[in-house]
Amino acid sequence: MSCILAPVNFSQASDNAAFYAASLAKQLNLPLILLHVVPVPLSIPPVPLPGEMFDQLRQDAYKQLQQLAATFNEVIDIKARLEVELGSLGFQLETAIRNFTPEIVIMVISRESASRVIFSSNVFESLKQLSVPLVVVGEDVQYEPVKKIAMAFDFDAGIISLPSDAVLRYCNLLKCALDIVHVNKSANKPDIEKVRALWNLLPGLETDVQFIDDDIVEEGLHRYFEMHEAQQLMLLPKHHGFFEFHTSETKRLLWKFKVPVVVIKESK
103 MSCILAPVNF SQASDNAAFY AASLAKQLNL PLILLHVVPV PLSIPPVPLP
153 GEMFDQLRQD AYKQLQQLAA TFNEVIDIKA RLEVELGSLG FQLETAIRNF
203 TPEIVIMVIS RESASRVIFS SNVFESLKQL SVPLVVVGED VQYEPVKKIA
253 MAFDFDAGII SLPSDAVLRY CNLLKCALDI VHVNKSANKP DIEKVRALWN
303 LLPGLETDVQ FIDDDIVEEG LHRYFEMHEA QQLMLLPKHH GFFEFHTSET
353 KRLLWKFKVP VVVIKESK
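Plus 102 on top of the position in the sequence shown (first one is 1) and you've got the working numbering.
Quick look at the structure:
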């Protein structure tokens, strides 16, 4: 089914991300699924945990989901399907994606303070596993209807490639324009032939190319958002070295922008 899937953990930041998911689902006229995963111990405890305890945890979580869904229905006028599962978030997320085939997964990333980043291991694992677009919503992000997306791209890479089908599908679903943003760390501008090659991979899409001169990619992207109106930032991991999941650069980018970060991977 075509839908938006939003895993939640009932934190304030998670509720904010779920509100973003509900608002986007309303904008796109897509069903919304709220998923909560009740964690279970990874190791076998000395005394087996009674099944009644897990039943109670499931019931409590379902009640919290009902309260969250009721708020969304009142404020946004959207009804959500509620799912509560036991186990690990990574496994249950993969299972939900297989069962519901969502168009988009929307999750939260939070920080403990302005000086110390918490890069959620749940989000980190999901980033590595998901083949559907993942929208990561920072705790300070406010919903805005998506009219334009800024896609960070490195024209200095040797071969111009990207998951064009997934990018086109996502942008067409949102009916939005796309700015291709290259942060230029050298005095030379990218080869125009590389720009044309990328344009050819995105037929029929309203696109523009923006070059930002800066020695630091993160700062260059910040400057782009200061000068342009865009409601999401798109990253394409595995295609460009500075956006690999294991780097601190990606971790910082995921929470420092006041727009959601969309991560799109090549389908396996």
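Cβ coordinates follow ideal geometry from the N, Cα and C atoms, glycine included. Please read all numbers here as calculations on a predicted model, not as lab measurements.
query	result
From what residue to what residue does the alpha helix (DSSP H) around PHE202 run?	191 to 202
Between LEU304 and VAL269, how many whole angstroms is the CB-CB distance? I'm expecting something under 8 Å.	7 Å
Roughly how many whole angstroms lie between the Cα atoms of GLN168 and ALA124?	14 Å
What three-state label does DSSP hand PHE257 in the structure shown?	coil
May I have the straight-line CA-CA distance separating VAL364 from GLU295, to the nearest angstrom?	27 Å
Taking Cβ positions only, does ALA163 come closer than 8 Å to chain D?	Absent here is chain D; the protein component of the structure consists of one chain.
Going by beta-carbon coordinates alone, are CYS105 and PRO265 separated by less than 8 Å?	no
Would you please state the rounded distance, in angstroms, between the beta carbons of LYS128 and ILE178? I believe it to be under 8 Å.	5 Å
Hey, VAL283 and ASP316 are a contact pair by Cβ (cut 8 Å); roughly how many whole angstroms apart?	Their Cβ separation, rounded to whole angstroms, is 11 Å, which puts VAL283 and ASP316 out of contact at 8 Å.
Could you have a look at THR349 and say whether DSSP puts it in helix, strand or coil?	Since pLDDT at THR349 reaches only 49, below the 50 mark, its modelled position is unreliable, and no value is offered.
Between GLU328, LEU275, GLY322, ASP281, which lies nearest to GLN312 when the distance is taken from Cα to Cα?	ASP281
Could you tell me if PHE345 is buried or exposed, where buried requires 16 or more neighbouring beta carbons within 10 angstroms of its beta carbon?	Its pLDDT being 43, under 50, PHE345 is placed unreliably in this model, and the value from its coordinates should be taken loosely. So PHE345 counts as buried.
If the criterion is Cβ atoms closer than 8 Å, does the pair PRO362 and TYR122 meet it?	yes
Within 10 angstroms of the Cβ of ASN118, are there 16 or more other Cβ atoms? Answer buried if so, exposed if not.	buried
Could you round the C-beta distance between ALA332 and LYS250 to whole angstroms and report it? I think they count as a contact, below 8 Å.	5 Å
What did DSSP end up calling LYS128 once you bin it into helix, strand or coil?	helix
Along the alpha helix (DSSP H) that carries GLY322, what are the first and last residues, could you check?	319 to 329
In chain order, what residues of the same chain lie with their CB nearer than 7 Å to the CB of MET103, ignoring the 5 residues before and after it?	PRO133, PHE202, THR203
Identify, in the order they occur along the chain, each residue of the same chain with its Cβ nearer than 7 Å to the Cβ of ARG218, setting aside the five sequence neighbours on each side.	Low confidence applies here, because ARG218 scores a pLDDT of 34, under 50, leaving its location unreliable; read the following figure in that light. None.
Go ahead and label GLN161 buried or exposed: buried means 16 or more other beta carbons lie within 10 angstroms of its beta carbon, across all protein chains shown.	exposed
Give the range of the alpha helix (DSSP H) segment to which ILE294 is assigned.	294 to 302
Determine the burial state of MET155: buried for a count of at least 16 other Cβ atoms within 10 Å of its Cβ, exposed for fewer.	exposed
Nearest-angstrom Cα distance between PHE112 and GLU185?	14 Å
Between PHE255 and GLN158, what straight-line distance do the alpha-carbon atoms span, to the nearest angstrom?	48 Å
Determine, using beta carbons only, whether LEU137 and LEU107 come nearer to each other than 8 Å.	yes
State the DSSP-derived secondary structure class of ASN286, mapped to helix, strand or coil.	strand
Whole angstroms are fine: how far does the CA of VAL239 sit from the CA of ALA259?	28 Å
Helix or strand or just coil, what does DSSP make of MET155?	helix
Please work out which residues of its chain come closer than 8 Å, Cβ to Cβ, to THR197, disregarding the five sequence neighbours upstream and downstream, and give them in chain order.	GLU187
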